[in-house]
Amino acid sequence: MNPFTAPLKTHRRLLTQGMETAEKMRLLPNRLEDLASVEVGQTSSEVIYSENKLNLLHYESLTDDLHNTPLLVVYALINRPYILDLQPDKSVVRRFLEDGFDVYLIDWGEPSRLDASLTLGDYVNRYIDNCVDVVRERTTNDALNILGYCMGGTLSTMYAALHPEKVSNLGLMATGLCFDNTGGILEQWGSEEYFDPAEITETYGNVPAEFLGAGFAQMNPVDNYLGKYTMLFDNLDDKTAVENFGRMERWVRDGVDVAGEAYRQFIEDIYQENALYRNELVLDGDPVDIENLTMPVLQIIGSFDHLIPPDASKPFMDTIPSEDTDIYEFPTGHVGMAVSGKAHAELWPRVATWFRERSVTSTKGTDTPGGSDVPEGADQEQSLQKLDGVGPAYEERLHDAGISTVSRLAAADPAALAERLGISGSRVSSWIQQAQQLSS
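Following this line, the structure appears as structure tokens:
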């Protein structure tokens, strides 16, 4: 390099960088307005049920052909659920609507001080169950598809184990289920050796959103406190990138408090005691028996999820009796699976297909409420889904076993049919008793 020209090149480079920085600074006021005006949760919905702080949302259909089995999305108790509907091209809700699903979502709201005593049992056996029953009555379906995200997946697993007859198919997205030195940093931080959640709840009542947010941010401090703002500045000339950043930041900062008693139970029972995985969990006196998880189960896992590592989810499949289980692992993180463009292009079509293959297609506007897969004039007895606890998956298995009508089921031998299906005799006996009542 010519020693006489090197300083000149350096000067020109610095001058160019300075001009670029000045131009970005000129854009800053407009970009700040863009950040403040971003919209989230734009998919059209209505509140069809409310209880305490909870709202149950029903989304407007985007297609005429609907799958008979509706989908209920159960979000975590932390943050707001619009991360699943962040923007039209990055909306898990819209992906399911576009695929023909009738979609419902539980928005928990934010607990007040009076809600500090709410237990996990309250959320599972009261709130989720009431929402499920609202959808069942509205659609005349005995069982629903359920998709739970993060803590919402753990709650959904508890619910499915306690009320298996009301769950047709269970999807678990970034869900913590196994904590035996498998849960990463959160499990280490939450170890009973270092952390007593009762100290937090006794001090604050409900666990403050700021406490939770600071803890999550500390898991990746460089990116959360510096890296993302550097990236924002580098992209100030890209309005779309700035708006995308604004939506994510709005969600990150839009935290909610968590009911104190539910938080304490979750940390102690799920993380510290690993009680769900060990099949030792009890909610308000009700054993949560994971042996009841005989319905199809799908786990959706992020390979780079630092909150719920894959090993905190995968082993659970080996503990449940379901014969129809799948794991979709995708190269993304905890939040990325909900908002990354690649996940929406490649992962969510697979997830929708998994649920679709286990649901029944119908046409909107049929005379039967909720839509029926039985053609007009056909023998209504053909639909085994009329029976409580029989969804599309079980109906298919019954058909494979030669049981295609209610009258054939009524005449079946309970022990022989249970052995052929590989499920409990009590469940089969319940179906046969219902069939006999319908046939009499």
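Numbering-wise, the sequence shown is residues 1 to 440 according to the UniProt record's numbering.
Even glycine gets a Cβ: it sits at the ideal position worked out from N, Cα and C.
Since this is a predicted model, take the numbers as computed values, not measurements.
Check	Outcome
Which residue wins for smallest C-alpha separation from I432, given the options G391, G422, D400 and L384?	L384
Can you find the residues in the same chain that come closer than 6 Å, C-beta to C-beta, to V297, ignoring five residues on each side of it along the sequence?	L170, S322 and T325
How many angstroms separate the CA atom of Q436 from the CA atom of A418?	17 Å
Please determine, among S430, R138, C178 and V167, the residue with the shortest C-alpha to C-alpha distance to V406.	S430
So, for S303: in the same chain, excluding its five sequence neighbours on each side, which residues have a beta-carbon less than 6 Å away from its beta-carbon?	E329 and P331
Assign E261 to one of two classes, buried (16 or more other C-beta atoms within 10 Å of its C-beta) or exposed (fewer than that).	buried
Measure from the alpha carbon of M158 to the alpha carbon of each residue in V135, T353, N279 and G336, then state which is nearest.	N279
Give me, in chain order, the residues of the same chain whose beta-carbon lies closer than 6 Å to that of K166; leave out the 5 immediate sequence neighbours on both sides.	V132 and A143
I want to know whether the region 100 to 113 touches the region 60 to 76 - three or more CB-CB distances under 8 Å.	yes
Only counting the same chain, and skipping five residues up and downstream in sequence, which positions put a Cβ closer than 7 Å to that of Q265?	T119 and L120
Quick check on DSSP: helix, strand or coil for F96?	helix
Let me know the secondary structure DSSP gives G109 once reduced to three states.	coil
Tell me whether the region 304 to 323 and the region 342 to 359 touch, counting them as touching only if at least three CB pairs, one residue from each stretch, are closer than 8 Å.	no
Within 10 Å of its beta-carbon, does Y194 have 16 or more other beta-carbons around it, so buried, or fewer, so exposed?	exposed
Leaving out the 5 sequence neighbours to the left and right, which residues in its chain are closer than 8 Å to D286 when beta-carbon positions are compared?	G121, N125 and L162
I need the straight-line Cα distance from P369 to I200, nearest angstrom please.	Confidence at P369 is low in this model, with a pLDDT of 34, below 50, so its placement is unreliable and no value can be given for it.
What are the start and end residues of the beta strand (DSSP E) that includes Q299?	V297 to G302
Go ahead and pull the three-state DSSP assignment for E46.	strand
Do S313 and T175 have their CB atoms nearer than 8 Å?	yes
Considering just the uninterrupted stretch of the beta strand (DSSP E) at G171, what are its terminal residues?	V167 to M173
Who are the Cβ neighbours of L54 in its own chain at under 8 Å, not counting the five residues just before and after it?	I106, D107, W108, G109, Y127 and C131
Run through DSSP, which three-state label would F330 get?	strand
According to DSSP, simplified to helix, strand and coil, what is I290?	helix
If you follow the beta strand (DSSP E) that N145 is part of, which residue opens it and which one closes it?	L144 to Y149
Check each candidate in I301, R138, P111 and L97 and name the one with the smallest Cα separation from G148.	I301
Given 7 Å as the limit, tell me if D388 has its C-beta closer than that to any heavy atom belonging to the ligand COA.	The ligand content of the structure shown is nil, which means the ligand COA is not present either.
What's the gap between the Cα of I270 and the Cα of I146?	20 Å
If you drop the 5 nearest sequence neighbours on each side, which residues of the same chain put their C-beta closer than 7 Å to that of P310?	I301, S303 and E329
Measuring alpha carbon to alpha carbon, tell me which of V339, V47, G152 and L56 ends up nearest I78.	G152
Is the CB-CB distance between A338 and V92 below 8 Å?	yes
Mark S372 as exposed unless 16 or more other C-beta atoms lie within 10 angstroms of its C-beta, in which case mark it buried.	Confidence is the limiting factor: at S372 the pLDDT is only 37, short of 50, which leaves the residue's position unreliable and the question unanswerable from this model.
What would DSSP say about K53, mapped onto helix, strand or coil?	coil
For T325, list the residues DSSP reports as bridge partners.	V297
For the alpha helix (DSSP H) holding Q433, just list the boundary residues, first then last.	G425 to S439
Run through DSSP, which three-state label would S91 get?	strand
If you reduce the DSSP assignment to three classes, tell me which class V207 lands in.	strand
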